[in-house]
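Residue numbers are given in my numbering: position 513 of the sequence shown equals residue 951, and the series is strictly consecutive. All residues carry an ideal CB built from backbone N, CA and C; glycine is no exception. Nothing here was measured: the structure is a model prediction, and the numbers come from that model. Inspection log for the structure reproduced underneath, given as structure tokens.
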Amino acid sequence: AGRRRRDLALVAAAGGRPAQVRRIVLADGVVLGVLSAGAGVALGVAAAAALRAPLESWLGFRSGAFRIFPVALAVLAGLAVVTGVLAALVPAWISSRQDVVTALTGRRGITRSKRRWVIVGVALIAAGAGLVALGAVRIDETTMVAGVFLAELGLVLCTPAIVGLVARLGRWLPLAARIALQDTSRNRTAAAPAVAAVMAVVIFSVALGIVYLSLRARDASESAGRPGDVTVFQTDRDGAPSQTISQEAIRTVRELMPVDQVYEIQMPRCGFGPCLAHPELPAVLQCPYPPFDSTPDQQRAARSDPRCDGVGAQHVYFGAIGIGQGVAVIVDETAVAAVAVVSQEDADRVVGAMRGGAVVVSDPRYLENGRVTLAVEAIGSNQQRTLTAPAVALPHRPKAPIALMTAATARTLGFDPVPFMTLATTTRVPTLAEEDRLQAALGSQFHVSVLRAVQPADDRTLVVLAIVAAVITIGAAALATGLAAADGRADLGTLAAVGASPRLRRVLSLSQTGVIAGLGSVLGVAAGLGLSTAVLFALNQRFADTWPVPTPIPVTVPWLNVGIALLVVPLIAMLGTGLLTRSRLPIERRL
């Protein structure tokens, strides 16, 4: 519509009614929507077929067989057509109301943002922020989504005013940048939607990345193990570990995995059947309040009592087993560092005591006069008992509470060591393909698990989010730059007439792209940080008054996404515009 502004003015000058001009622009929207629907469906199916296997391997997930959902594709195609029509509504309305003489002469007036739209936008932002906070407190996803929608809509309504405000900075900038800012402010009907599109996708990328990475960081803080640890156990019909794996199976693990060391982990068996044992704190250090049946007054007292810190926390052992109180396992003394996830120096300091019959515990608070109390509970029954044993504490506390003993020590305490699982430490994190090959080689009677920890600096899901945001940002900036170039041809001709160098057009287009991509990215990052921080804060506050207190969600910023959005994407967009823009300035005639 911007490029055909003169043609539409000629239609109006020849007697065309405003409704006819609107239909012309709306027809353009229908045609573009149909073309986009066909191309999008075809490219989407082709991309899914080509990228499914690489993405499974790269992101570490498995999908089913390749399927095409015709109804969903038809709905998406219809949505593309509807989007094309909706996108043409505002240009159609503006084109039907434009001044014919002004359009034919190529002049453009100064566009100003109406104050009422700014007031409405600010009100929507405030209402959206309130709904997001309310939804986070109530754990209501619908309310949170409605709040995000209102906040983004308010930002979109405020975008033209923000563009005009930023344009005032042009007086201190070089000529090309000054013209780019002025042109962006004057042509807000094209620049504001592009800035809003960039802002929306950056908000999505940054906010989703922060929430995703923060949840992963909380889960990682509860896991005990090193990235790359491989656990293998043979299961019975119920899926529980049944017996130790054979030497042949261990050789298979060594052949198919980058194994460093292999250790056998055993569990205690009591005289009355399978049982679990865990270390207990001395009575004076135990929390005096019941963790799940306490009254509100007891919960308030427990939150301020340091003896109740950590009560109710869940810890994941060996990549798959979740236990709250801790666990006692039977291992060889050489496996202390690997199983407890401590340094070899810490393990060496307690190996001598372990060989002498002592139980190694993770926290010195478990010790009372050089002994530890072990709580023993029969699996599947209410039989419980306690026993004491000589103990020694690790010099530094590991992530999760644990107690280690040798098989000889377990027998002296009345336990029968039974096979539980095999733990293999590795020289690197095995790939998903290596894990699949090992599982296939061992068979369905074995369970294979690889511990994959969070790596914020190189999280592949965040990389995908950043790539998607970058593609949309570059596309929106390119479209807005093209519109600005079409609308500014007369200005470029004037510059050529007064002696401007051909290089100026290239620098001007580059500056226009930088304004669109840079402004949208800055607004998107700021809004995404604020939105996600508010959500995480509200989620933490939701459980702040409960006890046991759950592990809080840390606000973890995906600096990769933020850096790409703020620096890399605008620079790539500007570089592409500078390379692809013709430097020859046009000479146009005017009426």
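Taking 8 Å as the upper bound for CB-CB distance, Ala1003 and Val644 are in contact here, some 7 Å apart.
Note that the segment 701-712 does not touch the segment 791-811; fewer than 3 beta-carbon pairs, one per stretch, sit closer than 8 Å.
For Cys708, the three-state secondary structure derived from DSSP is strand. Ala488 counts as exposed, since fewer than 16 other beta carbons sit within 10 angstroms of its beta carbon.
Assignment of Ile768 by DSSP, reduced to helix, strand and coil, places it in the strand class. Per DSSP, reduced to three states, the secondary structure at Ala841 is strand. The Cβ atoms of Val867 and Pro665 lie closer than 8 Å to each other.
Residue burial annotation: Val539 is exposed, with fewer than 16 other C-beta atoms found within 10 angstroms of its C-beta.
Burial is judged here by how many other beta carbons sit within 10 angstroms of a residue's own beta carbon; Gln883 has fewer than 16 and is exposed. Nearest to Gly476 by C-alpha distance, out of Arg460, Glu806 and Gly522, is Gly522. The segment 809-821 and the segment 712-728 touch, with three or more beta-carbon pairs separated by less than 8 Å. Proximity to Arg490 across Ser501, Leu481 and His753 peaks at Ser501, based on C-alpha coordinates. Here the alpha carbon of Arg656 sits roughly 24 Å from the alpha carbon of Ala766.
Excluding five sequence positions before and after Thr824, the CB atoms of its chain that fall closer than 6 Å to its own CB belong to Thr811 and Ala813, given in chain order. If you draw a straight line from the Cα of Gly764 to the Cα of His753, it is about 8 Å long. Taking a 10 Å sphere around the C-beta of Gly1001, we find fewer than 16 other C-beta atoms and assign the residue as exposed. About 5 Å separates the CB atoms of Gln672 and Ile683; that is less than 8 Å, so the two are in contact. In terms of Cβ geometry, Gly471 and Ala518 form a close pair [threshold 8 Å]. Two segments are said to touch when three or more pairs of C-beta atoms, one from each, lie closer than 8 Å; by this definition the segment 961-969 does not touch the segment 617-624. Non-local C-beta neighbours of Val901 in its own chain, meaning closer than 8 Å and more than five positions away in sequence, comprise Leu998, ordered along the chain.
In the three-state reduction of the DSSP assignment, Arg823 falls in the strand class, which pools E and B. Relative to the Cα of Gly478, the nearest Cα in the group Ala629, Val513 and Arg444 belongs to Val513.
As a beta-bridge residue in DSSP terms, Phe884 pairs with Gln672. Counting the other CB atoms within 10 Å of its CB gives Pro833 a total below 16, which places it among the exposed residues. Here Leu646 has Leu903 as same chain residues with Cβ atoms under 7 Å from its own Cβ, once five neighbours each way along the sequence are excluded. Counting every other CB atom within 10 Å of its CB across the protein chains shown gives Pro631 a total of 16 or more, marking it as buried.
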